[in-house]
Amino acid sequence: MPNENFVLEVEDLGVSFDGFKAVDGFNFYLTRNSVHVIIGPNGAGKTTVLDLICGKTRATTGSVKFKDKNIRGNREYRIVRQGIGRKFQTPSIYENLTVLENLELSHPKGRGVFSCFFYRRKPDIMQMCLDVAKEIGLEDKLETEGGILSHGQKQWLEIGMLLMQNPEIIMLDEPVAGMSVKEREATSKLIRKICQNRSVIVIEHDMEFVKEIADRVTVMHMGKVLSEGSMETVQSDPKVIEVYIGH
Ligand code: ADP
Numbered sequence: 002m003p004n005e006n007f008v009l010e011v012e013d014l015g016v017s018f019d020g021f022k023a024v025d026g027f028n029f030y031l032t033r034n035s036v037h038v039i040i041g042p043n044g045a046g047k048t049t050v051l052d053l054i055c056g057k058t059r060a061t062t063g064s065v066k067f068k069d070k071n072i073r074g075n076r077e078y079r080i081v082r083q084g085i086g087r088k089f090q091t092p093s094i095y096e097n098l099t100v101l102e103n104l105e106l107s108h109p110k111g112r113g114v115f116s117c118f119f120y121r122r123k124p125d126i127m128q129m130c131l132d133v134a135k136e137i138g139l140e141d142k143l144e145t146e147g148g149i150l151s152h153g154q155k156q157w158l159e160i161g162m163l164l165m166q167n168p169e170i171i172m173l174d175e176p177v178a179g180m181s182v183k184e185r186e187a188t189s190k191l192i193r194k195i196c197q198n199r200s201v202i203v204i205e206h207d208m209e210f211v212k213e214i215a216d217r218v219t220v221m222h223m224g225k226v227l228s229e230g231s232m233e234t235v236q237s238d239p240k241v242i243e244v245y246i247g248h
């Protein structure tokens with residue numbers, strides 16, 4: 002199904018662990034500037050799909066086409082550099098550094114390991130930090146240490162750290178897990194804002210949140226695509242209803 006609006010085309014993707022097919026013949030097409038949510042019961046293969054796309058796990062079948070290049074088999078760090086950023090469920094920020102420092106460190110040309118000896122802040126990177134801080138709603142917390150941010154703020158900071166790498170695709174694994182209602186609302190606004198100039202893949206269980214953010218939904222079951230389309234389409238798909246009621 003080639004289409005110039007697709008920024009990522011995943012075809013026939015598969016991997017087995019000790020003979021168990023965790024992902025099997027998986028097809029997925031990500032439209033530019035859209036939010037595509039992957040849902041499905043526990044163990045359906047959602048996280049493994051993200052692992053395969055970002056090179057954390059090596060696929061045994063299929064292709065992952067990003068900007069017309071097959072990146073399947075590329076190493077994780079190369080895929081990140083090519084423009085696919087991934088945020089895991091638990092935030093991994095530097096708790097004893099400030100919001101500003103966390104953002105600065107995440108820029109590929111930002112502060113490095115020996116920065117305390119000879120680093121000079123670069124105005125263009127600083128400007129980007131300020132823009133990103135504003136985007137994630139932490140512009141008033143620039144000098145606050147990561148460790149004392151709320152759970153939601155830590156999650157947004159990590160999204161900001163991804164944005165500092167200027168990715169074309171952002172993958173988020175359960176971004177609102179453990180968040181308050183207010184934080185969840187702010188996160189859905191943030192994701193909708195991000196997709197104005199990037200494409201976003203989200204794994205999510207919270208159906209209310211999925212309704213708020215999703216342009217498209219893929220339902221996974223037993224490593225395969227069970228249903229795909231708008232939220233309304235997949236919600237009324239008898240195959241989906243059966244799997245969810247069965248759980
Ligand atoms: P989901 O994210 O939908 O809950 P996962 O992708 O985490 O599902 O897992 C899909 C299946 O693959 C599960 O049965 C899980 O136990 C199995 N699995 C995932 N990663 C590994 C691994 N590294 N080794 C063995 N089995 C794995």
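Note that UniProt numbering numbers the sequence shown so that position 175 is 176, with each residue one more than the last. Glycine is no exception: its CB is placed at the ideal position from the N, C-alpha and C atoms. Small disclaimer: the values here were computed from a predicted structure and weren't measured.
Under 6 Å Cβ to Cβ from residue i, same chain only, skipping five residues before and after it: list those, please.
{"i": "Phe67", "result": "Leu9"}
{"i": "Gly84", "result": "Pro168, Glu169"}
{"i": "Asp216", "result": "Ser35, Val36"}
{"i": "Asn75", "result": "Gly56"}
{"i": "Thr51", "result": "With the sequence shown as reference, residue 51 is identified as Leu, and Thr is not the correct amino acid for it. Cβ neighbours of Leu51 beyond the five flanking positions: Met172."}
{"i": "residue 1", "result": "Because the chain spans 2 through 248 in this model, residue 1 falls outside it and cannot be assessed."}
{"i": "Ile202", "result": "His37, Met172"}
Going by C-alpha to C-alpha distance, which of the options sits closest to residue i?
{"i": "Glu184", "options": "Gly153, Ile204, Phe27", "result": "Gly153"}
{"i": "Ala45", "options": "Lys57, Lys22, Gly63, Ala60", "result": "Lys22"}
{"i": "Met208", "options": "Glu169, Tyr245, Gly147", "result": "Tyr245"}
{"i": "Glu186", "options": "His222, Gly147, Lys212, Lys70", "result": "Lys212"}
{"i": "Leu101", "options": "Gln128, Asp25, Arg73", "result": "Gln128"}
{"i": "residue 1", "options": "Tyr30, Ile54, Thr145, Val235", "result": "Shown here, the chain extends from 2 to 248; a query on residue 1 therefore has no answer."}
{"i": "Lys135", "options": "Arg122, Leu158, Ser228, Leu150", "result": "Leu158"}
{"i": "Gln69", "options": "Val201, Tyr30, Arg193", "result": "One point to set straight first is that residue 69 is Asp, not Gln, in the sequence displayed. Checking every option, the nearest Cα to that of Asp69 belongs to Tyr30."}
{"i": "Phe18", "options": "Ser231, Leu53, Asn4", "result": "Leu53"}
Assuming the contact rule is C-beta atoms closer than 8 Å, residue i and residue j should be a hit. Round their C-beta distance to whole Å, please.
{"i": "Asn34", "j": "Cys196", "result": "6 Å"}
{"i": "Thr99", "j": "Leu143", "result": "7 Å"}
{"i": "Gln166", "j": "Pro109", "result": "6 Å"}
{"i": "Thr62", "j": "Leu106", "result": "Actually they are not in contact, since the Cβ atoms of Thr62 and Leu106 sit about 37 Å apart, beyond 8 Å."}
{"i": "Lys47", "j": "Ile214", "result": "Lys47 to Ile214, Cβ: 16 Å. No contact."}
{"i": "Val38", "j": "Gly224", "result": "That pair is no contact at about 18 Å."}
{"i": "Asn28", "j": "Val16", "result": "At roughly 15 Å, the Cβ-Cβ gap does not stay under 8 Å, so Asn28 and Val16 are not in contact."}
{"i": "Thr234", "j": "Val226", "result": "Actually they do not touch by this definition, with Cβ atoms about 13 Å apart."}
{"i": "Gly41", "j": "His222", "result": "6 Å"}
{"i": "Ile72", "j": "Val81", "result": "No, Ile72 and Val81 are not in contact; Cβ-Cβ is about 11 Å, not under 8 Å."}
Considering only residues of the same chain and omitting the five flanking positions on each side of residue i, which have a CB-CB separation below 8 Å?
{"i": "residue 1", "result": "Residue 1 cannot be examined here, being either before or after the span of the chain that is shown, 2 to 248."}
{"i": "Asn198", "result": "Asn34"}
Given residue i, which residues of its chain have a CB within under 7 Å of its CB, disregarding the five upstream and five downstream residues?
{"i": "Arg59", "result": "Gly74"}
{"i": "Ser189", "result": "Phe210, Glu213, Ile214"}
{"i": "Gly26", "result": "Asp13, Gly15, Lys225"}
Around the ligand ADP, Cβ to any heavy atom closer than 5 Å, ordered along the chain: Phe18, Ala23, Asn43, Gly44, Ala45, Gly46, Lys47, Thr48, Thr49
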